[in-house]
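Encoded as structure tokens, the structure appears first; notes follow it.
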Ligand SMILES: [Zn+2]
């Protein structure tokens, strides 16, 4: 069954003709909409029409096509709408393509979240080291050097480099440094646990 068959089965010719303003008389004889006449000579059957005056003929789709100068598919759409048939005139959505598109969007979101998390890790690590460096710097030559200060001095250059580089990286490069950023995240957590937030 095609959409054309569905339409023809659901809407008979006399009903459609009447709905679109064709004057239908007794015995389903209609004033022909395709030639000028005073007495009806267009016979309407359930599934087709035939005019004895001008030989116009066709099914319900053809009738609507001719009445409104439509293409066949436009006629089908018109009937579908006007008679509230609720048929799928356009191709039904390709569910596989829809699912694929959804997966792509979900993957892009996840990717974005991963990159944001990585950047956040690098920023927090650098900020922590900067705090350590400022806060635990020796104030006199006699001070015992704080471990946090030493650690900060040893690592802040690298932390800053990573933070800046990460911003310039393309997607592939960002993915490549994922293990290193994971390592830095563990290192950051160790610092917080052992030495506090500075
Ligand atoms: Zn006619």
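Numbering (this note's numbering), first residue to last: 17 to 214. Glycine included, C-beta positions come from ideal geometry on N, C-alpha and C.
If we count the other Cβ atoms within 10 Å of its Cβ and call it buried at 16 or more, is residue 174 buried or exposed? Position 158 of the chain shown, counting from 1, holds the residue named residue 174. By the neighbour-count rule (16 or more Cβ atoms within 10 Å), residue 174 is not buried but exposed.
Can you tell which of 120, 198, 105 has its C-alpha closest to the C-alpha of residue 112? For the purposes of this step, residue 112 is taken as the residue at position 96 of the chain shown. It is 120 whose Cα lies nearest to the Cα of residue 112.
What does the shell around ligand 1 hold, if a residue joins when its beta-carbon is under 7 Å from any heavy atom? 48, 50, 51, 53, 57, 58, 67, 69, 70, 72
Entirely enclosed alpha helix (DSSP H) segments - the region 60-134, minimum 4 residues: 76-84, 88-98
Out of 77, 54, 53, 46, state which residue places its alpha-carbon closest to the alpha-carbon of residue 63. Taking the first residue of the chain shown as position 1, residue 63 is located at position 47. The candidate whose alpha carbon is nearest that of residue 63 is 77.
Check this for me: beta carbons of residue 152 and residue 136, under 8 Å apart or not? Within the chain shown, numbered from 1, the residue matching residue 152 stands at position 136. Within the chain shown, numbered from 1, the residue matching residue 136 stands at position 120. No, the Cβ-Cβ distance between residue 152 and residue 136 is not below 8 Å.
Residues in its own chain within less than 6 Å of residue 50 by CB, not counting five upstream and five downstream? Your numbering for residue 50 matches position 34 in the chain shown. Within the same chain, residue 50 has close Cβ partners 70, 72.
Is the separation between the beta-carbon of residue 32 and that of residue 79 shorter than 8 Å? In the chain shown, counting from the first residue as 1, residue 32 sits at position 16. In the chain shown, counting from the first residue as 1, residue 79 sits at position 63. Yes, they are a contact pair.
With a threshold of 8 Å on Cβ separation, who are the neighbours of residue 134 within its own chain once the five nearest residues in sequence on each side are excluded? The count along the chain shown starts at 1 and reaches residue 134 at position 118. The residues are 182, 190, 193, 194, 197.
Reference residue 168; option with closest CA among 26, 157, 147: Here residue 168 refers to the residue found at position 152 when the chain shown is read from its first residue. Taking only the C-alpha atoms, the option nearest residue 168 is 147.
I need the DSSP call for residue 48, collapsed to helix, strand or coil. Counting from 1 along the chain shown, the entry for residue 48 is found at position 32. Coil at residue 48, not helix or strand.
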